[in-house]
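FYI, in the UniProt record's numbering the residues of the sequence shown are 1 to 428. All C-beta atoms, glycine included, are put in the ideal place defined by N, C-alpha and C. Note that the structure is a prediction, hence the values are computed from the model and not measured. In what follows, a single structure is set out as structure tokens and then discussed.
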Amino acid sequence: MEKETFQIMKRPGFESEPIKIRTNFFEVTKLPKMKIIYYDVKISPEVPPRLNRKVFTCFMEENKQALGGVKPVFDGRANMFTHKQLPFESKSFEVKLEKDSVFIQRPPATFKITIKKARDIDMEDLFQFLHAKGNMTNNCEIGGPLIQLVAKILGLGSPNDFCKGLSDMECQKVEKRIKNLRINDNHRPEYRQKFKIEKLTRISASNIKLDVDNGNKINKVNVQTYFQNTYNRRLLYPFLPCVIVRKNNYLPIEVCDVIPEQRYMRKLNDIQTADLSKFARQNPTIRENRIQTGLNILNYRDNEYLKQFGMEISNDMAVVNARILPTPTIQYHKSSRKDRVQPNGGSWNLRDKKVPPVYYARLAAARARLYSFAFHNTDTESSEGVAIKFAVEELQKVKVICKWYLNQKKKKNFLYLNWRLAYSQLLH
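As structure tokens, then:
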């Protein structure tokens, strides 16, 4: 009999002080009830998003009649949204920018913008979720069909919402999220293999050509035909790209399942981390004032684009329930003037506080072992080098601490025993 695992319900409101806090969220009090039309936008030659917006703004000013009085919303890259259908399904326009513009340093000053309808976005799923009639989630880090994960990454309700191939922008977004994920193939139930995703193709399964050896000659067939002839598997989404796994093997997205419970981490870069830390250290009053200043600049109440979509946003910060957890007691060495400290306001004084050197040695050894374990599971040669580097640095800390203790206490066996202890902890 198979064991069934389940998650124990957490106990809310236990051993903590309830409070109410203001957040930097502003409630959307009114949502659009109409279908939103999504369009693909391609601007050539390719330019940075900042200039893309300048080109698009000029396009709207020059083509108000062609747009039927609609004010489209543009993300600065390749996505455009309108509250109603435009007079055309697909059309190209020429846009000319003045050469003395601060955005234009050199020719060309003429751009071509192509707009093509992608699909209608039904808001019913969102309304069902808000009324507790549906289940919408952004948790994409679980096992299951890869195609469902891709649909969630792109903000689609289900794989059934795929009606065409992915744009370059969508491919980049998906590849960034699924790269290095471990998957199983499902087109051979009796012989399932594990792979790690290396890349995402920019062309569809129906357009990727493979060399197939038929004995006498080598024929070129596309991935869609290959899976039909070899595995009797008819692809439902041949217009979607494939994932590239070991040695340039192509797998259609729909024949892949994400392996559950795998480690998946995305890190901020150094600049983002520093900015986040700097902002988090600000006084709450200063942060609130800056948020309110930004809200006034956005001027949601009089925003013509929000009015066009029938949306309204509150000007008041959302108030939510929170709890203050009890402060833990910190214990130091007994030789300290005060070996137990109760922090006040998140801070405490380390004056006259002592910690045994063996604590630092064990901490450094544990960190070294953690580095070794973490990077050992990344399956890359470069990561092994990083693991060794960090591990050696941590063990050097142990060595320095032990030498200091040896000089202070003159205990000759301490250095040998603790160094061997730290080294054995790392290896085992």
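Within 9 Å, strictly: CB atoms of residue i and residue j
i: Leu86; j: Val150; result: no
i: Ile153; j: Arg182; result: no
i: Ile37; j: Asp120; result: yes
i: Ile19; j: Ala322; result: yes
i: Pro49; j: Gly76; result: yes
i: Val245; j: Phe227; result: no
i: Phe26; j: Asn249; result: no
i: Met311; j: Pro32; result: yes
i: Lys220; j: Leu200; result: no
i: Phe110; j: Leu97; result: At residue 110 the sequence reads Thr, which differs from the Phe that was named. Yes, the Cβ-Cβ distance between Thr110 and Leu97 is below 9 Å.
i: Phe93; j: Lys117; result: no
i: Ala205; j: Leu235; result: yes
i: Phe74; j: Phe56; result: yes
Expected contact under 8 Å - CB spacing of residue i and residue j to nearest Å
i: Cys242; j: Val212; result: Actually they are not in contact, since the Cβ atoms of Cys242 and Val212 sit about 16 Å apart, beyond 8 Å.
i: Tyr231; j: His187; result: 5 Å
i: Val95; j: Glu62; result: 7 Å
i: Ala78; j: Lys42; result: 7 Å
i: Ile313; j: Val28; result: 6 Å
i: Ile21; j: Val320; result: 6 Å
i: Phe309; j: His83; result: 5 Å
Minimum C-alpha distance to residue i - residue among the options
i: Arg337; options: Lys96, Leu350, Leu325; result: Leu350
i: Lys91; options: Asp75, Thr114, Lys71; result: Thr114
i: Val258; options: Pro145, Glu17, Tyr332; result: Pro145
i: Asp168; options: Asp40, Pro32, Gly310; result: Asp40
i: Pro284; options: Pro159, Asn24, Phe74; result: Asn24
i: residue 458; options: Leu325, Pro252, Pro49; result: Look at the range of the chain in this structure, 1 to 428, and you will see that residue 458 is not part of it.
i: Lys35; options: Phe111, Glu288, Phe81, Ser44; result: Phe81
i: Thr225; options: Asn207, Pro343, Gly215; result: Asn207
i: Pro328; options: Gly346, Leu298, Lys164, Lys354; result: Gly346
i: Ser16; options: Leu325, Ala78, Glu190; result: Leu325
i: His333; options: Arg234, Gln342, Pro343, Lys353; result: Lys353
i: Phe162; options: Lys194, Ile147, Pro260, Val55; result: Ile147
i: Pro343; options: Val355, Ile197, Ile330; result: Ile330
i: Gln262; options: Ser158, Ile286, Phe195; result: Phe195
i: Arg233; options: Leu306, Asp185, Phe59; result: Asp185
i: Glu198; options: Glu175, Asn52, Ser277, Arg192; result: Glu175
i: Phe127; options: Tyr191, Lys30, Arg301, Ile218; result: Lys30
Beta-bridge partners of residue i, as assigned by DSSP
i: Glu312; result: Lys30
i: Arg182; result: Lys196
i: Asp40; result: Asn79, Lys116
i: Asn344; result: Ser347
i: Cys242; result: Pro252
i: Ala322; result: Ile19
i: Met317; result: Phe26
i: Gln331; result: Arg340
Endpoints, the beta strand (DSSP E) within which residue i is located
i: Ala118; result: 110-121
i: Val95; result: 90-96
i: Leu235; result: That residue, Leu235, is in no beta strand (DSSP E); it is neither H nor E in DSSP.
i: Thr82; result: 79-82
i: Val70; result: No beta strand (DSSP E) holds Val70; DSSP gives it neither H nor E.
i: Asp257; result: 256-258
i: Lys152; result: Here Lys152 belongs to no beta strand (DSSP E); instead the alpha helix (DSSP H) covers 146-153.
i: Asn222; result: 218-222
Residue interval of the alpha helix (DSSP H) (run including residue i)
i: Ile208; result: Premise fails: Ile208 is in no alpha helix (DSSP H) and is neither H nor E.
i: Phe339; result: Inspection of the sequence shows that residue 339 is occupied by Asp rather than by Phe. No alpha helix (DSSP H) holds Asp339; DSSP gives it neither H nor E.
i: Lys54; result: 49-62
i: Gly294; result: 284-298
i: Gln128; result: 124-130
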